[in-house]
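Working notes for the structure below.
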Amino acid sequence: MFKKASFKLIFDILFYMVILDTASTLIISLIEVFSVNHTSESLVDYPIFFISNLVFSIAFVFVAFYLRKVAQLFIVNGEFKSLNLVKHLKRCGQFLVVLGLSLMAKYLASPNIIEIASEKVDPSNSVLNLLHIVIGLSFIRLSKMLKLSIEAKQAQDLTI
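In the numbering used here, the protein residues as written are 1239 to 1398.
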């Protein structure tokens, strides 16, 4: 059996791995932008791809951060009636929507889109990108429902 702290440890490890991946992505992207000899297929030639890659990396850090906070409040502390839980869940959903939109922009602005368009397109990438958006919207909706239930519980506690 897992202890409650081990679930938080899993989210902590995920968060720090995401931080390392984002830092390496940003460093490699900046080296590509500021390198003296640009190839014909450079990322500088595709600014939307470059910007969406940066937005994806930063949004992924925030998703992992807020999931870590939700795991800490929900699993470790056992706070089901906290408005902080609602706030972190909503922020996680918002950044998941941004993540899905940046993945869609990254997919559409890919330097290989010409090669992809000439062949059969695998729709699984588009479906996975839309899945991020749907999960984000579900988190936002879940946070609203949780907020309404907390407010109803607080109103009922006041009447007793």
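We put the beta carbon where it would ideally sit given N, CA and C, even for glycine.
{"Check": "Contact under 8 Å by Cβ, Leu1209 with Val1308", "Outcome": "Because residue 1209 is not part of the residues shown, which for the chain are 1239 to 1398, the question remains open."}
{"Check": "For Phe1319, three-class secondary structure by DSSP", "Outcome": "This sequence places Lys at residue 1319; Phe is not what is there. If DSSP states are grouped into helix, strand and coil, Lys1319 belongs with coil."}
{"Check": "Extent of the continuous alpha helix (DSSP H) to which Phe1300 belongs", "Outcome": "1285 to 1309"}
{"Check": "Pairwise C-alpha distance: Ile1378 and Ala1347", "Outcome": "28 Å"}
{"Check": "Beta-carbon proximity list for Leu1380, same chain, < 8 Å, skipping 5 on both sides", "Outcome": "Leu1327, Gly1331"}
{"Check": "Distance CB(Val1400)-CB(Ser1340) smaller than 8 Å", "Outcome": "Since the first residue shown for the chain is 1239 and the last is 1398, residue 1400 is missing from the structure and cannot be characterised."}
{"Check": "Beta-carbon proximity check, Phe1253 vs Arg1329, cutoff 8 Å", "Outcome": "no"}
{"Check": "As assigned by DSSP and simplified to three states, the class of Ser1364", "Outcome": "helix"}
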